[in-house]
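Quick notes on the structure that follows.
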Amino acid sequence: MTGATANLSPALMAVLTELEQRMGFELRIDSGYRDPTHNEDVGGVEGSEHTHDPADAADVFCQRSITRFRMLHHLLAMGVRRIGIGKTFVHVGVSTSHPQDVCWTYDKGK
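Start counting the sequence shown at 28; every next residue gets the next number (the working numbering).
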């Protein structure tokens, strides 16, 4: 796993490690932990899973539709209950203090 992997919660690391094994290639984390100022700078929502210390969310780089489909399939099979879909990433969230069984998209063209 490469990229922004510092300060991720053990629960999130376990999910990402299993996802990486299931996908059969190294995952690239484009966004992991964010301090509140950085979160605001990148347009993140207040109270984001990314701002938990350690973080309960990671944005996993993903550009191809077939890869995104496989990733979503595995995440759902693994019981992940918070998923966001961006143009170039999939948000993997494991927070239990946020709404569960949700999947959303991003309108900012990201």
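We put the beta carbon where it would ideally sit given N, CA and C, even for glycine.
If you're wondering where the values come from, they're calculated on a predicted model, not measured in any experiment.
Closest residue to residue i among the options (Cα-Cα distance)
{"i": "Phe88", "options": "Phe52, Val129, Leu35", "result": "Phe52"}
{"i": "Glu47", "options": "Thr94, Thr115, His65", "result": "Thr94"}
{"i": "Trp11", "options": "Ala41, Gly113, Thr123, Thr32", "result": "Because residue 11 is not part of the residues shown, which for the chain are 28 to 137, the question remains open."}
{"i": "Leu39", "options": "Tyr133, Arg91, Thr123", "result": "Thr123"}
{"i": "Gly59", "options": "Thr32, Gln127, His101", "result": "Thr32"}
{"i": "Glu76", "options": "Pro126, Asp134, Tyr133", "result": "Pro126"}
{"i": "Asp57", "options": "His100, Phe116, His101", "result": "Phe116"}
Beta-bridge pairing of residue i - partner residues as DSSP gives them
{"i": "Cys130", "result": "Ile110"}
{"i": "Arg49", "result": "Answer is none; Arg49 lacks a bridge partner."}
{"i": "Ala82", "result": "Leu35"}
{"i": "Ser58", "result": "Asp86"}
{"i": "Phe116", "result": "Phe88"}
{"i": "Gly30", "result": "Ile56"}
Beta-carbon proximity list for residue i, same chain, < 7 Å, skipping 5 on both sides
{"i": "His118", "result": "Ala84, Asp86, Ile110, Gly111"}
{"i": "Glu45", "result": "Met105"}
{"i": "Asp134", "result": "none"}
{"i": "Asn66", "result": "Ser75, His77, Thr78"}
{"i": "Leu102", "result": "Leu46, Ile110, Val119"}
Proximal residues to residue i (C-beta, below 8 Å), its chain only, five neighbours per side dropped
{"i": "Ser36", "result": "His79, Pro81, Ala82, Asp83, Val121"}
{"i": "Arg97", "result": "Met50"}
{"i": "Asn34", "result": "Gly59, Tyr60, Asp80, Pro81, Ala82"}
Within-8 Å CB hit, residue i to chain C
{"i": "Arg108", "result": "Any reference to chain C falls outside this structure, which holds one protein chain only."}
Beta carbon of residue i nearer than 8 Å to that of residue j
{"i": "Val42", "j": "Val129", "result": "no"}
{"i": "Arg55", "j": "Gly30", "result": "yes"}
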